[in-house]
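See below for the structure under consideration.
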Amino acid sequence: MLMMPFHFKREELDSNLVVGPHTVVAPSYDPHCERRDISRGCLPVAVISAEKLLDLNEGPAETAAIANVLLSSAKMSPYVVDAEAWDCIWAELIVHRKGARTVVDRPNTPYTEADYNFSSEMLDAMITELDRLITKYSSSEWSSLGTANRIVDLVSWHRGLTQAELDEMNSGRRKLSAKDFLGPTEREKRRLASLANHEGGPAPGNAPNSPNTGYFDAMARERIALKRRKARKAQRQRKAQRKDDRRAERTLTLLRRDE
């Protein structure tokens with residue numbers, strides 16, 4: 001699903017279908033880590049924040065953190081450019097959006113991240129998980145590691161943002177709409193309320209698609225268009241190759257006749 005996200009329909013990716021409702025997933029380690037396939041072990045050498053990297057104030061420092069990790073590697077350090085160029089590289093990639101596509105290069109859509117809200121149900125679940133991570137990596141087992149401390153700092157920052165959003169939702173300053181991320185409980189409550197208030201309302205499961213699928217639909221269309229372009233290019237290359245083969249065959253025939 002992660003490698004081929006467009007191979008599945010949206011309904012087929014539903015958590016209740018893939019994982020199962022109220023299923024507790026047991027934590028596990030990557031088999032490569034268990035078999036000690038990684039030469040330097042599976043402990044991370046650094047923790048990088050994508051949000052900080054995209055931030056106009058903190059982005060250069062996050063870029064420097066990445067570069068310093070590469071400099072510490074005997075294999076990678078010969079290929080790292082001088083530190084004087086790091087800020088310029090960050091500006092070209094993040095500010096001027098050159099190079100590979102990033103999360104900020106999403107297809108055109110009438111909605112932005114700020115247009116979506118999460119229900120209290122979902123925000124509570126997020127805070128529970130964030131609290132678990134903060135407690136785990138603040139423990140004596142991890143607190144001596146700089147990477148663990150960075151995780152605690154970043155997750156604590158996210159927890160504060162999530163708590164502020166939950167407070168706004170509970171106070172009524174934020175209002176939920178059909179296009180928001182409602183969660184199963186809120187979605188079912190709204191469905192029952194709709195059926196009770198409107199005779200002949202939509203049957204369960206027949207609600208229209210939420211507008212938050214627009215981004216994924218656009219990505220799917222773009223992926224299909226890319227495949228078609230590649231197929232046409234391959235077809236042109238095969239046609240050109242056949243033409244070259246025929247030309248070479250004719251040339252070879254003429255040479256044999258001359259002999």
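For what it's worth, UniProt numbering labels the leading residue of the sequence shown as 1, then goes sequentially. All C-beta atoms, glycine included, are put in the ideal place defined by N, C-alpha and C. Keep in mind it's a predicted model, so treat the numbers as computed, not measured.
Exercise. In angstroms, rounded to a whole number, what distance separates the CA positions of residue 30 and residue 191?
Worked result: Each residue's alpha carbon lies about 40 Å from the other.
Exercise. Mind checking residue 254: buried by the 16 CB within 10 Å criterion, or exposed?
Worked result: Exposed is the call here.
Exercise. What do you reckon, is the C-beta of residue 19 under 8 Å from a heavy atom of the ligand ZN?
Worked result: As presented, the structure is devoid of all ligands, the ligand ZN included, so that no description of it is given.
Exercise. Does the Cβ-Cβ distance between residue 54 and residue 18 come in under 9 Å?
Worked result: Using a Cβ distance threshold of 9 Å, residue 54 and residue 18 do not count as a contacting pair.
Problem set entry | Close Cβ partners of residue 32 (< 8 Å) along its chain, the five nearest in sequence each way excluded | Excluding residues within five positions, the ones whose Cβ falls inside 8 Å are 38 and 42.
Problem set entry | Rounded separation between residue 164 and residue 173 - CA only | 11 Å
Problem set entry | Whole-angstrom distance between residue 64 and residue 279, CA atom to CA atom | This structure leaves residue 279 out entirely; the chain is present only between 1 and 259.
Problem set entry | residue 178 burial status per 10 Å Cβ neighbour count (16 or more: buried) | Exposed is the call here.
Problem set entry | Buried or exposed by the 16-neighbour rule on C-beta atoms within 10 Å, applied to residue 137 | buried
Problem set entry | Beta-bridge pairing of residue 118 - partner residues as DSSP gives them | In DSSP, residue 118 forms a bridge with 181.
Problem set entry | Euclidean distance between Cα positions of residue 147 and residue 157 | 15 Å
For this session: Answer with buried or exposed for residue 24, where buried requires no fewer than 16 other C-beta atoms within 10 angstroms of its C-beta.
Result: exposed
For this session: Measure the CB-CB distance between residue 186 and residue 120 and report whether it falls below 9 Å.
Result: yes
For this session: Following the continuous alpha helix (DSSP H) through residue 88, name the residue where it begins and the one where it ends.
Result: 86-90
Exercise. Which one of 96, 94, 95 and 67 has the shortest CA to CA distance from residue 82?
Worked result: 67
For this session: Let me know if residue 122 comes out buried or exposed under the rule of 16 or more other beta-carbons within 10 Å of its beta-carbon.
Result: buried
Exercise. Taking the alpha-carbon positions, what's the residue 204 to residue 86 distance?
Worked result: Residue placement at residue 204 cannot be trusted, given a pLDDT of 46 that sits under 50; the coordinates are not used to answer.
Exercise. Is it true that the CB of residue 180 sits closer than 9 Å to the CB of residue 263?
Worked result: Only positions 1 to 259 of the chain appear in the structure, and residue 263 is not among them; the question remains open.
For this session: Go to residue 60, then tell me how far its alpha helix (DSSP H) extends in each direction, as first and last residue.
Result: 59-71
Exercise. Are the CB atoms of residue 154 and residue 127 nearer to each other than 9 Å?
Worked result: no
Problem set entry | Unbroken alpha helix (DSSP H) run spanning residue 147, endpoints | If you look at residue 147, you'll find it in the alpha helix (DSSP H) that goes 146-171.
Exercise. Along the chain, where does the alpha helix (DSSP H) that runs through residue 264 open and close?
Worked result: Given a span of 1 to 259 for the chain in the structure shown, any question on residue 264 remains unanswerable.
For this session: Out of 60, 184, 244 and 224, point me to the one whose CA is closest to residue 15's CA.
Result: Considering only alpha carbons, the answer is 184.
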